[in-house]
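Shown next, in structure tokens, is the structure this report addresses.
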Amino acid sequence: MVTPLLAAVSAAGPATPADLGAARMQMALSLGWHIVLACLGVGMPAITLLAEWRGHRTGDVHYRLLARRWAKAMGVLFAVGAVSGTILSFEMGLLWPGLMGTYGEVIGLPFSLEGIAFFIEAIFIGVYLYAWDRLSPGKHLLSGVPIVLAGVASAFFVVTANAWMQQPTGFALRDGKVVAVSPWAAMFNPATPPQTVHMILAAFMVAGYGMASVYAVAMLRGRRDRYHRLGLLLPMTVAAIVTPFQIGVGDWAAHFVADYQPVKLAAMEGVFASGRGVPLHLGGIAVDGELKYALEIPYGLSLLAHWDPHAAIQGLNVIPPADRPPVNVVHWGFQIMVGMGSALLLLAAWLAVSWWRRRDIPRTAWFARAAAVSGVAAVVALEAGWVVTEVGRQPWTVFRVLRTVDAVNPAPGLVYGFALVSAVYVVLTVATVYVLRRLARDVPVPIAPQEPDVAGYKVV
């Protein structure tokens, strides 16, 4: 049965360019905002549990006090993330009925599994927060393990749905209808392995560098006691360990793009003319079908993409202009992601060398300054990477199957929805920052914490 609302939407003409742009901007805003909280939801519980475990193992009250304070912030961020995640779930259906109405049965499985993982995470976050003084130390530590596993699982399931949009499998089209649906084949499509691993490692980098940057700022303000040093060292160590692996996974993901999405690779590198022995481009601006002002590394792209300096690279000149992604956006998104990732790798190496030589973090203020901006750098790299992933797929919502213009809701007035959601996110941002700052200031950190300070710090 077709409802009057669905009939009206179906009878509407194509979305206006303004409404299409508003829908895309709204989705970009929602995803870009939520993904930061999602990363903290994946990485922060693991780092908090590590601090709690170190506290019990070593007897150092600084670790235990850090764990309690981080758990409180973790609860706030989970609650806010639940709000932004709910907004996203409504947007998928309201903004993109051409996607969900046609292909929902294909990609519905990972969203259902993510919902189960979310509820498991919510239940055990409640247990973890409320049971600090009601469970034995070992049992309380174990109660946090499902939070970590559910957070990683949630990220995995959601990213498999996005990977399917990059490499759609698990169905067939006959006379414009979806048949022969295999949800498991859709979820485990060729893009799933590199994309999910890349995202999960990015989550630990964002959480690790982000948490460390808070304590780096405090150290620059003169708080160089053991509490703040450990607050910087522990999460940054996690992020530093992950960073070189992330660089390797990024190379894996780039090779996947070269093999499966050569158009995206051409946009990432600003390659317009097909050829062999194609150079790697650093910087540059695409103007009139040509990348100008770029620094070229001879044979670099062919070598990195196919391990052969003379390998062929497809250029954008063989693709109709209507089927090309916006080159400058994709190219500079890729440049920024690689640049930030490389800078974080150098920071991780700096920490590793200092720890190897002196079993301490670097004492120079320049390290603290670099650590203070590392959280922002990790978020910028994350957002830039998703710009490459999503904008590089355009003009397709489902690669080579469904165009974005055909997926969007044709109903008028999407511009007003974008304005409303933007206002909601402004309020959420202000409220979140306010609450986190209150949490940090309500109970001052003792200069030399003792056992009563830990026991007296109430998480809820």
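For what it's worth, my numbering labels the leading residue of the sequence shown as 6, then goes sequentially. All C-beta atoms, glycine included, are put in the ideal place defined by N, C-alpha and C.
According to the neighbour-count rule (16 or more other Cβ atoms, all chains shown, within 10 Å of its Cβ), is N414 buried or exposed?
buried
Minimum length 3: unbroken beta strand (DSSP E) runs contained in the stretch 263 to 351:
285 to 287 and 300 to 302
Taking the CB atoms as reference points, tell me whether P555 and V153 lie closer together than 8 angstroms.
No answer is possible for residue 555: the residues shown for the chain start at 6 and end at 465.
I need the straight-line Cα distance from A177 to V184, nearest angstrom please.
5 angstroms
Would you mind giving the Cβ-Cβ distance between G346 and Y214, rounded to the nearest angstrom? I have them listed as a contact below 8 angstroms.
No, G346 and Y214 are not in contact; Cβ-Cβ is about 11 angstroms, not under 8 angstroms.
Do P173 and A258 have their C-beta atoms closer together than 8 angstroms?
no
Are the CB atoms of E126 and A155 nearer to each other than 8 angstroms?
yes
Which class does W137 belong to by DSSP, given the choice of helix, strand or coil?
coil
In whole angstroms, what separates the C-alpha of K182 from that of Y135?
50 angstroms
CA-to-CA distance, V276 to E295, given in whole angstroms
8 angstroms
According to DSSP, residues forming a beta bridge with W401:
R408
Leaving out the 5 sequence neighbours to the left and right, which residues in its chain are closer than 6 angstroms to V426 when beta-carbon positions are compared?
Q31
Mapping the DSSP letters down to three states, classify R368 as helix, strand or coil.
coil
Using the Cα positions of A196 and A208, report the straight-line distance between them to the nearest angstrom.
18 angstroms
Hey, would you say P267 sits closer than 8 angstroms to Q319, going by beta carbons?
yes
Beta carbon of G467, beta carbon of Y304: below 8 angstroms?
Because the chain here runs from 6 to 465, residue 467 falls outside it and cannot be looked at.
Same chain, Cβ closer than 7 angstroms to L441, neighbours up to 5 away in sequence not counted
A78 and V81
Excluding the 5 residues preceding and the 5 following V7 in the sequence, name in chain order all residues of the same chain whose CB lies nearer than 7 angstroms to its CB.
In this prediction, V7 scores a pLDDT of 39, lower than 50, which makes its location untrustworthy; no coordinate-derived value is stated.
Exposed or buried, what is L235 when buried is set at 16 or more other beta-carbons lying within 10 Å of its beta-carbon?
buried
Could you spell out where the alpha helix (DSSP H) holding K182 opens and where it closes?
K182 -> not in any alpha helix (DSSP H); beta strand (DSSP E) instead, spanning K182 to V184.
Report all residues from its chain with a CB closer than 7 angstroms to the CB of P142; omit the five preceding and five following residues, and keep chain order.
H61
Tell me which residue opens and which closes the alpha helix (DSSP H) that R74 is part of.
V66 to L100
Assigned secondary structure, R231 (DSSP; H/G/I helix, E/B strand, else coil):
helix
Only counting the same chain, and skipping five residues up and downstream in sequence, which positions put a Cβ closer than 6 angstroms to that of V334?
V396
For N194 and W169, the rounded distance between their alpha carbons:
6 angstroms
What's the call for E388, buried or exposed, on a 16-neighbour Cβ count within 10 Å?
buried
Secondary structure of R179, DSSP reduced to three states:
strand
I'd like the span of the alpha helix (DSSP H) that includes Y421, first residue to last.
L419 to D447
Please work out which residues of its chain come closer than 6 angstroms, Cβ to Cβ, to A353, disregarding the five sequence neighbours upstream and downstream, and give them in chain order.
A245 and T248
Could you check if G282 belongs to the surroundings of the ligand FMN, using beta carbon to heavy atom distance under 7 angstroms?
The ligand FMN is not part of this structure, which contains no ligands at all.
Could you compute how far the alpha carbon of I252 sits from the alpha carbon of A122?
28 angstroms
Check each candidate in H67, R139, T53 and P151 and name the one with the smallest Cα separation from E456.
H67
Assign V413 to one of three DSSP states: helix, strand, or coil.
coil
Where does K144 land, buried or exposed, given buried means 16+ other C-beta within 10 angstroms?
exposed
With a CB to CB cut of under 8 angstroms and the five nearest residues on each side skipped, what residues in its chain are close to L407?
G103, L104, T107, Y108 and W401
How big is the Cα-Cα spacing for V186 and G175?
6 angstroms
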